[in-house]
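Undergrad: What follows is a single structure, and I will ask about it in a moment.
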Amino acid sequence: MVQASELSNAWRDIAGDVVASFVEAVNAFDPERLIELFAADAHVNDQLRDFWGIRPIENWIRREIVGEHFSMEVLNAKKHFGDLILSAKVSGDFDKTGLPDPMILSFFFSVRDGKIARLIILLTRSEETEPDIRKASN
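Residues 1 to 138 (the numbering used here) are what the sequence shown spells out, left to right.
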């Protein structure tokens, strides 16, 4: 695992061109560049919400990435079974009520033929944290 800092962009060597371009386009609030990075039949799952195909993904990019001035600072990157996992500190103009500060998200990328085929985005939580979905019933 590579720990990146403001002085180090070593994560880019692990991430590769497509994912590095994704981070650059997110931080530049560039919807056209972001859309171009996805395969036509790509899948995005952002916090358990599915977006299938380029049109729903384009709407998600314009509304939630560019529209909310979402930005990311990559903290680390690693390859895992052919996929890439980035952890990033994120910020933006979205509602932060009840969210941790800093907010760290994990981005799970599957890149095929030079395009993002799948992107799964999840809030990074400690191992000790109770799952939100499965609560013990009394």
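Each residue gets a CB set at the ideal place from its N, CA and C atoms; glycine is no exception.
Name the one or two DSSP bridge partners that residue 48 has.
TA: Partner(s): none; residue 48 has no beta bridge.
Undergrad: Thinking residue 117 and residue 40 are a contact (beta carbons under 8 Å), I'd like their distance in whole angstroms, please.
TA: The Cβ separation is near 10 Å, so there is no contact.
Undergrad: Spatial neighbours of residue 65 within its chain, please: C-beta separation below 7 Å, excluding the five flanking residues on both sides.
TA: Cβ neighbours of residue 65 beyond the five flanking positions: 26 and 34.
Undergrad: If you draw a straight line from the C-alpha of residue 50 to the C-alpha of residue 44, how long is it?
TA: Spanning the two alpha carbons is a distance of roughly 6 Å.
Undergrad: What is the DSSP secondary structure of residue 7, reduced to helix, strand or coil?
TA: Residue placement at residue 7 is flagged as unreliable, the pLDDT there being 39, under the threshold of 50; the coordinate-derived value follows with that caveat. DSSP places residue 7 in coil when its eight states are reduced to three.
Undergrad: Can you tell which of 114, 72 and 101 has the C-alpha that lies nearest to the C-alpha of residue 88?
TA: Among 114, 72 and 101, the Cα nearest to that of residue 88 is on 72.
Undergrad: What's the call for residue 5, buried or exposed, on a 16-neighbour Cβ count within 10 Å?
TA: Because the pLDDT of residue 5 is 46, which lies under 50, any placement of that residue in the model is unreliable, and the question is left without a value.
Undergrad: Have a look at residue 56 and residue 9 and give me their C-alpha separation to the nearest angstrom.
TA: Computed Cα separation, rounded: 31 Å.
Undergrad: Are residue 42 and residue 115 close, meaning C-beta to C-beta below 9 Å?
TA: Yes, these two residues count as a Cβ contact at 9 Å.
Undergrad: Since I believe residue 123 is in contact with residue 107 (beta carbons under 8 Å), could you give me their beta-carbon distance rounded to a whole number of angstroms?
TA: Going by Cβ atoms, the distance from residue 107 to residue 123 rounds to 11 Å, so no, they are not a contact pair.
Undergrad: If you draw a straight line from the C-alpha of residue 103 to the C-alpha of residue 92, how long is it?
TA: If I take the Cα positions, the gap works out to 11 Å.
Undergrad: If you run the structure through DSSP and keep just helix, strand and coil, what is residue 15?
TA: Of the three classes helix, strand and coil, the one that applies to residue 15 here is helix, per DSSP.
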